[in-house]
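These notes concern the structure reproduced below.
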Amino acid sequence: MPEKPVGMRREPSIDSANADDGWIDEEFSEAAFADERLGKRFRTLLAQLSSGPGDAIPLVCQDWANTKAAYRFLDNDKVNEADILAGHFESTRQRAAATDAPILVLHDTTEFTYKREKPQAIGKTRINIAGAYRDGSPRFYTACGILMHSSLAVTTEGLPLGLTAIKFWSREKFKGTSRLKRHINPTRVPIEEKESMRWLNNLSQSTQLLGVPENCVHIGDRESDIYELFCKAHELGTKFLFRICVDRLAEDGSSTISAQMQDVRCKGLHRVAVRDRRGNVSEAVLELKYQKIHVLAPLYKQGRYPPLDLVVLHATERGEPKGRDPIDWKLITNLPVNSRSDAVEKLHWYALRWKIEVFHKVLKSGCQAEQSKLRTAERLVNLLAMFCILSWRIFWLTMIGRAAPDAAASLVFTRLETYLLDKLVPAQSQRARAGPRSLKSRVIQLARLGGYLNRNNDGPPGNTVIWRGMARLTDIEIGFQLGAQLVGN
663 MPEKPVGMRR EPSIDSANAD DGWIDEEFSE AAFADERLGK RFRTLLAQLS
713 SGPGDAIPLV CQDWANTKAA YRFLDNDKVN EADILAGHFE STRQRAAATD
763 APILVLHDTT EFTYKREKPQ AIGKTRINIA GAYRDGSPRF YTACGILMHS
813 SLAVTTEGLP LGLTAIKFWS REKFKGTSRL KRHINPTRVP IEEKESMRWL
863 NNLSQSTQLL GVPENCVHIG DRESDIYELF CKAHELGTKF LFRICVDRLA
913 EDGSSTISAQ MQDVRCKGLH RVAVRDRRGN VSEAVLELKY QKIHVLAPLY
963 KQGRYPPLDL VVLHATERGE PKGRDPIDWK LITNLPVNSR SDAVEKLHWY
1013 ALRWKIEVFH KVLKSGCQAE QSKLRTAERL VNLLAMFCIL SWRIFWLTMI
1063 GRAAPDAAAS LVFTRLETYL LDKLVPAQSQ RARAGPRSLK SRVIQLARLG
1113 GYLNRNNDGP PGNTVIWRGM ARLTDIEIGF QLGAQLVGN
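Reminder that position 160 of the sequence shown reads as 822 in the numbering used here, one-by-one numbering, no gaps.
Put into structure tokens, the structure is as follows:
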């Protein structure tokens, strides 16, 4: 990690008092809206939303004038998610450029569901089964909502640097995939005509944004097992590590990946701690197998896409664990894997994919993204884009104390914030009160403000207590500033 911890703000000035103005102005110094007034309204609304993550717009805006201005901003034809996220993307690029270690770009799709009497203005996401009729036939209903494919850059220590690409969409009609398979092989359909194209677009946008393709490792779950995606990464000169579910053709076409891997001997063991469904921790022993294999494109696309020499890595758990499913990871990568330590490193990187799941959880649970009552997809997408920024901020605050515990707290907190934290949450020991407070101790103070107990056996504070602490600290700051003005008058 560089001398100045990645993703931290510059040293605040003596007069820096408002936490929202501090990080928002720095995060969006490169943002450019079509109208300067829209930029000002954006910063104001983002500051208001950050003061109460999860609260409704009228609650954070406090009066009708500000609430009406927020609704008008979200409904403005000159505002879109690209404008809202542009400044954040540029800040992500700057944070990524501050580290020499590989940047892991995590990709995943999530769904936001809403209840509307007229879902046409928002769109559809999927068809669900809601019980059955009296004759036993299934009863279907169409879910109203928006889908989001996001790409999140993190360090190899798991510190979220920011988003690199976002794609929102919904469906007007369903193509009937199961019925389609009866008439045509899905591999014959061009990738440009599929929703899977979002994987290629986000990979391209993320790689272009970060500017160092050879230093990026794109990571995805089984949904990323797309041969066109492998070829796009090869074309851009970037790296990838994807989990696979398709048994692809290999070598001269007379064999498959699974057949090739059956002949590979176990090349090492790796022990990891795993939690079962009840939260109990046990040790899992993984057998590691890896081999470089000549992988072919699907039969009907071999004229368009070339074969690739890729490394296949299998990590299979020995025995049958109790209370959970056994670990069985089948990964494919264009990174070199020449030893057990290389294989373990790639497993660690893939395990960090869970970070984007945590980001989505913060987005839905912390920012309450599915509770909005906005009536159109355009308004919801603009609001979701702003929630994405706030969710990253909460997640980053949670992780920064773990990634750089001994860093100066002033790189994250303003002087007013540290003053208030000391008054509200005094240090628990005489030694801590005597010396300068580290970043880790300040994050713990913030978490304690949100309900974190900080007992000896407690783990590090999580996202929930961080966003609660942020909301409380912001309210207290506002009251402190108003009190200072009244006394001054």
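Heads up, the beta-carbon is just placed ideally off N, CA and C, and yes, glycines get one too.
Please classify residue i as buried or exposed, where buried requires at least 16 neighbouring CB atoms within 10 angstroms.
i            : result
residue 1068 : exposed
residue 811  : buried
residue 993  : buried
residue 688  : exposed
residue 712  : buried
residue 1051 : buried
residue 907  : exposed
residue 1016 : exposed
residue 632  : The first residue shown for the chain is 663 and the last is 1151, placing residue 632 beyond what the model contains.
residue 1036 : buried
residue 926  : exposed
residue 1088 : exposed
residue 1185 : The first residue shown for the chain is 663 and the last is 1151, placing residue 1185 beyond what the model contains.
residue 883  : buried
For residue i, I'd like the list of residues in its chain whose CB is within less than 7 Å of its CB, leaving aside the five on either flank, ordered along the chain.
i            : result
residue 920  : 909
residue 898  : 866, 869, 875
residue 891  : 861, 862, 865
residue 752  : 692
residue 1034 : 1042, 1045
residue 956  : 912, 913, 969, 971
residue 915  : 958
residue 1039 : 783, 784, 785, 808, 832
residue 701  : 693, 695
residue 923  : 951, 953, 974, 976
residue 1092 : A caution first: residue 1092 carries a pLDDT of 46, below 50, which makes its placement in the model too unreliable to give a value.
Leaving out five residues before and five after residue i in sequence, what residues of the same chain have Cβ atoms less than 6 Å from its Cβ?
i            : result
residue 1043 : 743, 830
residue 710  : 722, 723
residue 732  : 707, 719, 723
residue 997  : 901
residue 893  : 967
residue 1114 : 1123, 1127
residue 1083 : 1107
residue 1047 : 743, 746, 747
residue 880  : 767, 865, 902
residue 690  : 749
residue 1102 : 1063, 1067
residue 827  : 813, 864, 867, 868
Does residue i come out as helix, strand or coil in the three-state DSSP assignment?
i            : result
residue 918  : strand
residue 875  : helix
residue 1114 : coil
residue 729  : helix
residue 827  : strand
residue 850  : helix
residue 722  : helix
residue 904  : strand
residue 1121 : coil
residue 795  : coil
residue 786  : strand
residue 858  : coil
residue 1087 : coil
residue 931  : strand
residue 612  : Absent from the model: residue 612. The displayed extent of the chain is 663 to 1151, so no value can be given.
residue 936  : strand
Near residue i, what residues of its chain come up, given a Cβ to Cβ distance below 8 Å and the 5 sequence neighbours on each side ignored?
i            : result
residue 834  : 785, 786
residue 777  : 806
residue 932  : 947, 948, 950, 977, 1002, 1005, 1006, 1009
residue 1141 : none
residue 729  : 719, 720, 723
| request: Count the C-beta pairs between the region 1121-1140 and the region 1050-1058 that are closer than 8 Å, then say yes if the count reaches three, no if not. | output: The region 1121-1140 is in contact with the region 1050-1058.
| query | Which residue spans inside the region 1030-1082 form an unbroken alpha helix (DSSP H) run of at least 4? | reply | Unbroken alpha helix (DSSP H) runs of no fewer than 4 residues, entirely contained in the region 1030-1082, are found at 1039-1065, following chain order.
| field | At least three beta-carbon pairs within less than 8 Å, the region 1022-1034 to the region 946-953 | value | no
| query | Taking one C-beta from the region 782-801 and one from the region 816-824 each time, how about it: are there three or more such pairs within less than 8 Å? | reply | no
| Which parts of the region 955-1029 are runs of the alpha helix (DSSP H), unbroken and 4 residues or longer, counting only runs that do not cross its ends? | As far as the region 955-1029 is concerned, its whole alpha helix (DSSP H) runs of at least 4 residues are 1002-1013, 1016-1023.
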